[in-house]
Amino acid sequence: MTAMTPAGSEATSEAADHRVHLLREMLRIRRLEERCAELYSATLIRGFLHLAIGEEACAVGVMEALRPEDAVVATYREHGHALARGMTMRSVMAELEGKVEGCSRGRGGSMHLFDSATRFFGGNAIVGGGLPLAVGLALADHLQGQHRVTACFFGDGAVAEGEFHESMNLAALWHLPVLFCCENNLYGMGTALERAESETDLSLKAAGYRVPSWEVDGMDVLAVEEAAGRAAEAVRAGGGPHFLELRTYRFRAHSMYDPDRYRDKAEIEQWKHRDPIPQLVARLSAGEELGEGELDRMEAEVAAEIEDAVAYADAGTLEPVEDLERFVTSPEPAARP
Ligand SMILES: Cc1ncc(C[n+]2csc(CCOP(=O)(O)OP(=O)(O)O)c2C)c(N)n1
Ligand SMILES: [Mg+2]
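Numbering (my numbering), first residue to last: 88 to 424.
This is the structure we're talking about:
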């Protein structure tokens, strides 16, 4: 190791602590989702369940670039985004189990996690559905002179939707503060990107709207954080929308119902060599940034947090049938601001 001044050592150790924090965040997501798969098989989680195992670096890296006043819009594959944004595991797990204690009172389930306190504006079951919402949030900030960023996550499948093109066009035309984060995992359900898109270089789509774009290794959390940091600051400084193409891969099927017959098992195994978690562990270990037994301790803490969240959800309440119509209509018109 090179000799350091005390101040330099501090900075180095702060950076190392931060990298350990990134690892912890990815582990929390990975282990929670592995537990979700078990709970689904045990029918404690019902409905649709889309896991993002393999893609954790995207959510974690981008969230690090955001501030509390920023906004996030995500897709139905959003458990990790919700956790990385700061929602509690308890509120997420209770929602997954359909309990009133969940972040959406158990009415949304896996695809509709929502939390105004952390400005997490969903979870959305509609492919591409979050894009116009993000543009609307950014338009509101723009009109109110707020220097906030709206990060909008969507999949490669959304790029084929009209909403993508309308949203990109308006965001660029009106110079709105949106950070478009395309999680390109090469498939939309069972359809490979090249079967759905005439142009598979997605950053060219952004270029078509004069939106600056970066292609990023979405399996490397440090690369994602770095790119998202630069892009978010450009957006915040009034540079208009920016686009990140996060090249990633899901290791599991599209959803719990998907038999996953449309891709070669060898392809999955190849991508697993780039698993963002072991990659970061190796990097931290090589730099002696992960202390002796620290990974095991971290795993134990994460396991305890998950078991606490599951116990909380299990002990939660199912909404009574007589409440079914609550929130469907408003008893009185909303007051004008
Ligand atoms: C408007 C609309 N069309 C079709 C569907 C059905 N559908 C659900 S997920 C999905 C694939 C989307 O793929 P992508 O955007 O790449 O996200 P990923 O699942 O890969 O994260 C489709 C077509 C939908 N939910 N909404
Ligand atoms: Mg996809």
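Every residue, glycine too, gets a C-beta built ideally from N, C-alpha and C.
Bear in mind that the values here come from a model prediction, so they are computed numbers and not experimental data.
Annotation: M180 to E381 spans about 26 Å, alpha carbon to alpha carbon. Two segments are said to touch when three or more pairs of C-beta atoms, one from each, lie closer than 8 Å; by this definition the stretch 139-159 touches the stretch 310-319. Per DSSP, reduced to three states, the secondary structure at N256 is helical. A residue is called buried when at least 16 other Cβ atoms come within 10 angstroms of its Cβ; G325 does not meet this threshold and is exposed. Counting of Cβ neighbours within 10 angstroms places G134 among the exposed residues, the total staying below 16. Shown here, D202 sits in a strand according to DSSP, grouped into three states. Taking 7 Å as the cut-off, the C-beta of R164 counts as close to a heavy atom of ligand 1. DSSP places W358 in the uninterrupted alpha helix (DSSP H) bounded by 352-359.
If the five residues before and after L119 are omitted, its C-beta is found closer than 6 Å to the C-beta atoms of I393, all from its own chain and listed in chain order. The nearest non-hydrogen atom of ligand 2 is 7 Å or more from the C-beta of D288. Following the DSSP letters along the chain, one finds A310 in no beta strand (DSSP E) but inside the alpha helix (DSSP H) bounded by residues 308-321. Nearest C-alpha to L220 among L230, G209, H229: G209.
Proximity to R111 across L371, E406, E419, C269 peaks at L371, based on C-alpha coordinates. Boundaries cannot be given for S191, as no alpha helix (DSSP H) includes it and DSSP labels it neither H nor E.
Note: L266 is bridge-paired with A238, H329 in the DSSP secondary-structure output. Straight-line measurement puts the Cα of F267 at about 13 Å from the Cα of A321.
Secondary structure of S285 (DSSP, three-state): coil. The stretch 232-247 and the stretch 300-309 do not touch, with fewer than three beta-carbon pairs separated by less than 8 Å.
For D401, there is no enclosing beta strand (DSSP E); the enclosing alpha helix (DSSP H) has its first and last residue at 381-401.
Spanning the alpha carbons of V107 and G193 requires a straight line of approximately 33 Å. Contact between L367 and V308 holds: their C-beta atoms lie close to 6 Å from each other, under 8 Å.
Under the three-state reduction of DSSP, S178 is assigned to helix. Closest by C-alpha distance to L273, out of Y336, A212, L224, G216, is Y336. Shortest gap from the CB of Y336 to any heavy atom of ligand 2: 7 Å or more. For A387, the closest alpha carbon among the candidates T99, L114, S417, Y349 is that of L114. If you draw a straight line from the Cα of A318 to the Cα of G305, it is about 15 Å long. If only complete runs of 3 or more residues are kept, the stretch 109-163 shows the beta strand (DSSP E) at 158-160, in order along the chain.
Cβ neighbours of L183 within its own chain (closer than 6 Å, five residues either side excluded): I132, S197. Separation of D243 and P346 (C-alpha to C-alpha, rounded to the nearest whole angstrom) is 20 Å. As DSSP reads the structure, G275 sits in a beta bridge with T278. For the pair of segments examined, the stretch 152-172 was found to touch the stretch 203-218: the number of CB pairs separated by less than 8 Å reaches three.
Apart from sequence neighbours up to five positions away, the residues of its chain that approach H137 with a beta-carbon distance below 6 Å are Y163, R164, S342, ordered along the chain.
V246 places its beta carbon 8 Å or farther from that of G403.
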